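J.: All residue numbers for the sequence shown refer to full-length UniProt numbering, where the first residue is 1 and numbers rise by one. Note that CB positions come from ideal geometry on N, CA and C, so glycine has one too. All values reported here derive from a predicted model rather than from experimental measurement.
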Amino acid sequence: MTDRERVPDPTASAHQPLLSARKVRKSFGGVEVLKGISLDVAAGQVMCLLGPSGSGKSTFLRCINHLERIDGGRISVDGELVGYAARHGRIFEMNRREVAKQRRGIGMVFQRFNLFPHMTALENITAAPIGVRGLPKPAARDRGRELLDRVGLADLAQSYPAQLSGGQQQRVAIARALAMDPQLLLFDEPTSALDPELVGDVLDVMRALAADGMTMVVVTHEIGFARGAADEVVFMDAGIVVESGPPARVLDNPQNPRTQAFLDSVI
Ligand SMILES: Nc1ncnc2c1ncn2[C@@H]1O[C@H](COP(=O)(O)OP(=O)(O)OP(=O)(O)O)[C@@H](O)[C@H]1O
Ligand SMILES: [Mg+2]
C-alpha cells in the first residue's frame, strides 16, 4: 500500500484471534441474510460452519475476504479491518488493488474447483506466485511440486484438469491456495460436488493441514470431519449463529431444536 495504512482493529488485544467478526450484517436487495454474526477463530484453530441451505454460510465466507461488502459490524484478520484503510486519519474502503493485496493472505477453496483448464496442475499452482508475487519461476515450480506432494499428487504435475478426477482437482485447488502462504484458509463445501468415493482423500488433506496448524474456516456437511478436526463448530440458521461450541457439545448434545433438526437431516 502506498500512502495508506491498514486500519488496526480498535478492539484488538495482545491475545487477539486471527479472525474476528462482530455483529456482521449483510443484505441483498432489502433482504437481510446476515443478521449480526459474531465469532472468533484463534490462530491454528479450525472452525466448522454448519447450517441449512440459504442460512448465509457462503455469504459470510465471502465477507471475510471482502468479496462482499458488509453493511454493518466489522471483520478483522490478524488485527486489521478487512476492506478498509486509513488515509490522513480518515477511514476509506480499500480500492480494488488494495483489497486484492489484503486478500492474498486469505486462501479460498470453493465447491467447484475453478482450476484454469488450459494449465497443468503445476501451472495452476505457480500462476499466482509468479504473476502476482513475482516469485522466480524455478522457485515457484519447486514449491509447487512440494505442495503437490503434500496433497498426494506428486506424479500428476503435468496433468491438465480434464485429466484429473474431481477429488484430484480439488486437491490441486488446495495446493494452489497454499502456494500464496495464506494465514487463513476458507473452504466452502469443498467436498459436496465430489463422488462419495473421492471425498475421503480431500478430507485427509484437510485434516493434515489442520494438524499442521493451519487456521481454517470450513463450511461443510461432513459431520465426521467436523467432529474429528474442528476446535469449534458453529451452527447458523437464517443469518444468525444459533449455537456454537466444541464438536462434542454442538454435534452430540445440541441444545437448540434447530441444530438438532439440521443434524437429523444430514446424518
Ligand atoms: N449475490 C446475491 N444476490 C442476492 N441474493 C443473494 C446473493 N448471494 C446470496 N443471496 C441470498 O442470500 C441467502 C444466503 O445465501 P448463501 O449462499 O450465503 O447461503 P448458504 O448458507 O451458503 O446456502 P447453501 O448451503 O445452499 O450453499 C440466500 O437466500 C441467497 O439466495
Ligand atoms: Mg453456500
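Could you pull the DSSP bridge partners for D78 from this structure?
T.: For D78, which the question treats as bridged, DSSP gives no partner whatsoever.
J.: Any heavy atom of ligand 2 within a distance shorter than 7 Å of the CB on S192?
T.: no
J.: Quick test of the definition: if touching needs 3 or more C-beta pairs under 8 Å, does the stretch 38-49 touch the stretch 213-225?
T.: The stretch 38-49 makes contact with the stretch 213-225, as at least three CB pairs between them are under 8 Å.
J.: Consult DSSP for M1 and reduce its assignment to one of helix, strand or coil.
T.: With a pLDDT of 48 at M1, under the threshold of 50, the modelled position of that residue is not reliable, and the figure given next carries that caveat. Looking at M1 - three-state DSSP - the assignment turns out to be coil, as it is neither helix nor strand.
J.: Restricting to Cα atoms, I'd like to know which of P196, D155 and R104 is closest to G131.
T.: R104
J.: Alpha carbon to alpha carbon, how far is P129 from M108? Give it in angstroms, no decimals.
T.: 15 Å
J.: What's the gap between the Cα of M1 and the Cα of V24?
T.: Bear in mind that the predicted position of M1 carries a pLDDT of just 48, short of 50, making it too unreliable to give a figure here.
J.: What does DSSP give as the partner residues of C48 in its beta bridges?
T.: In the DSSP assignment, C48 is bridged to V218 and V233.
J.: Counting C-beta neighbours from all protein chains within 10 Å, is the total for N124 16 or more, i.e. buried, or is it exposed?
T.: buried
J.: With DSSP as the reference, please indicate the residues paired to P8 in a beta bridge.
T.: E80
J.: I64 and I106: beta carbons closer than 8 Å?
T.: yes
J.: Could you give the first and the last residue of the continuous beta strand (DSSP E) run that contains E243?
T.: I240 to G245
J.: Taking just the CA atoms, how far does H88 sit from L156?
T.: Each residue's alpha carbon lies about 51 Å from the other.
J.: Within 10 angstroms of its Cβ, does S20 collect 16 or more other Cβ (buried), or is it exposed?
T.: buried
J.: Near Q260, what residues of its chain come up, given a Cβ to Cβ distance below 6 Å and the 5 sequence neighbours on each side ignored?
T.: Cβ within range, chain order: P254.
J.: When the Cα of A210 is compared with those of L184, I223, A162 and I37, which residue comes out closest?
T.: L184
J.: Near F110, what residues of its chain come up, given a Cβ to Cβ distance below 6 Å and the 5 sequence neighbours on each side ignored?
T.: D188
J.: Quick check: what's the CA-CA separation for K35 versus G245?
T.: 20 Å
J.: In whole angstroms, what is the alpha-carbon distance linking V31 and G56?
T.: Rounded to whole angstroms, V31 to G56 spans 12 Å at the Cα level.
J.: So for E189, helix, strand or coil by DSSP?
T.: coil
J.: Determine, using beta carbons only, whether A193 and N114 come nearer to each other than 8 Å.
T.: no
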